[in-house]
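Read through the structure below, which is laid out as structure tokens, and then see the notes.
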Amino acid sequence: MVFSKKFKFKKTYENKVESPKIENIEIKENYKKIILFVLLILILYSISVNFKMIQLMRKISIQLSEIQSEIPWDNSKIFITSKSNIANTFGLNYFSQTILLIKKPKDLIQILQLHPNERFILIEDKLDKPWSESIRNQFVNKLKITIIKSPKVHLRFTEIQSR
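Under full-length UniProt numbering, the sequence shown is numbered contiguously, ending at residue 163.
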């Protein structure tokens, strides 16, 4: 390639600014020890939290297996609860079952009236007041209520069948 003398090459300048490197940063020895100590504490705290979570997950797994062994599983039964955590747990683990989340005993009464001859399992926390007792008074001789015993589990299972 031949260039004529008319064209002059422009000299380009590169911006040569050196960025500070980590190696060049000087930290006093005391600060290094403090930073390492803080990192060590954070790592130990993380290990402690993870260990506690592993123990908690094992405990939850054992409780779920106990609950599963206590429940009379039957696809014709519909499960009803007022606790969202119970509904979520059952919904995630047992896709084939129908699980209803209700707020008040009125909702349960309405469901029982709309679906006669249907079998329901009411799942309640043992610490709460049992809804089956309040419903029994309103539906005298119209409900068959069977309490399913579960001594190990912290839940109360009640089978309700309207006639």
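Virtual Cβ for every residue (Gly too), placed ideally from N, Cα, C.
Residue i versus residue j - alpha carbon distance
i: Asp125; j: Ile34; result: 49 Å
i: Pro116; j: Leu56; result: 41 Å
i: Asn85; j: Pro105; result: 18 Å
i: Tyr31; j: Leu40; result: 14 Å
i: Glu133; j: Ser61; result: 31 Å
i: Glu118; j: Ile135; result: 16 Å
i: Arg156; j: Leu114; result: 24 Å
i: Ile102; j: Glu66; result: 24 Å
Environment of residue i [buried if 16+ CB atoms lie within 10 Å]
i: Thr81; result: buried
i: Arg58; result: exposed
i: Thr98; result: exposed
DSSP bridge partner residues for residue i (one or two, in chain order)
i: Asp125; result: Leu155
i: Lys119; result: Here residue 119 is Arg; the residue named in the question, Lys, does not match the sequence. Answer is Gln161, bridged to Arg119.
As assigned by DSSP and simplified to three states, the class of residue i
i: Ile86; result: helix
i: Ile109; result: helix
i: Ile102; result: coil
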